[in-house]
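With my numbering applied, the sequence shown closes on residue 797, and no number is skipped along the way. Data first, discussion second: the structure below is written as structure tokens.
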Amino acid sequence: MTLHWLGAVFIIIGSGLEGFRRSYLLSKRQQILIEFAQAFTWMENEIVKRQTPIIEIVQAQMERKGEVAKLFQLFYEQLTLKQLLLGEAWDKAVEQYFQSSVLLKEDLEWIRRIGDAIQPFDRQSIEREMSFIIDILRNRHLEARNRAIQFGKLYKTLGVMGGVLVVLLLS
């Protein structure tokens with residue numbers, strides 16, 4: 627009898643943890659999107675106003691903590707070790723980053739467009755394209771925040787209640 631109760635507790639805890647994990651992924655996505663929007667805003671200012679070389683911008687972004695540093699580390703490796711062109715290196719880095727990211731594919735498509743945005747030599751077109759992408763990322767952040775608020779509690783509740791339901795069905 628004790629083993630049945632122990633098994634029931636493990637099922638409820640396991641499904642509850644899955645609900646909390648899914649809720650965490652929703653909140654993590656919004657944090658990452660705002661990090662990228664801030665990093666790209668800084669990057670835009672460095673490129674357009676200060677005319678800082680791309681390699682220095684990448685090295686400065688690598689020193690940050692979090693997901694932004696991971697992507698720029700991959701980008702730096704593609705630029706230096708594999709010696710790819712700027713746009714190609716950015717695309718490869720985003721592809722590698724996607725494998726371990728909680729971002730949606732649509733989010734990463736907008737991040738991928740940064741590689742195309744920083745290629746022109748005209749500062750006005752760089753600024754215009756990057757501002758557009760940054761605005762899109764901020765809008766996606768707001769959507770992710772609303773989604774985390776709306777579905778975060780739902781996932782937590784469904785996780786625990788799903789575990790209770792499984793226990794009831796098995797008993």
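Built from N, CA and C at the ideal position, the CB exists for glycine as well. This structure is a prediction, so every number in the text was calculated from the model and none was measured.
- K731 carries a helical assignment under DSSP once its states are collapsed to helix, strand and coil.
- Fewer than three pairs of CB atoms, one per stretch, sit closer than 8 Å, so the stretch 772–779 makes no contact with the stretch 658–670.
- Annotated three-state conformation of S757 is helix, per DSSP.
- The DSSP-derived three-state label of F666 is helix.
- Ranked by how close their Cα comes to the Cα of I759, the residues E644, F666 and G785 have F666 in first place.
- Within its own chain, the residues whose Cβ lies closer than 7 Å to the Cβ of Y781, once the five positions on either side in sequence are excluded, are G645, R648 and S649, listed in chain order.
- Of the other Cβ atoms in all chains shown, 16 or more fall within 10 Å of the Cβ of V684; this residue is therefore buried.
- For E682, the closest alpha carbon among the candidates R739, T706, R773 and Q664 is that of T706.
- Excluding the 5 residues flanking it on each side, L784 has same chain C-beta neighbours closer than 6 Å at G645, in chain order.
- Excluding its 5 nearest sequence neighbours in each direction, Q745 has C-beta neighbours in its own chain below 8 Å: L712 and G713, listed in chain order.
- Burial check for D733: the Cβ neighbour count within 10 Å reaches 16 or more, so the residue is buried.
- In the DSSP assignment, Q685 falls within the alpha helix (DSSP H) that extends over I680 to M688.
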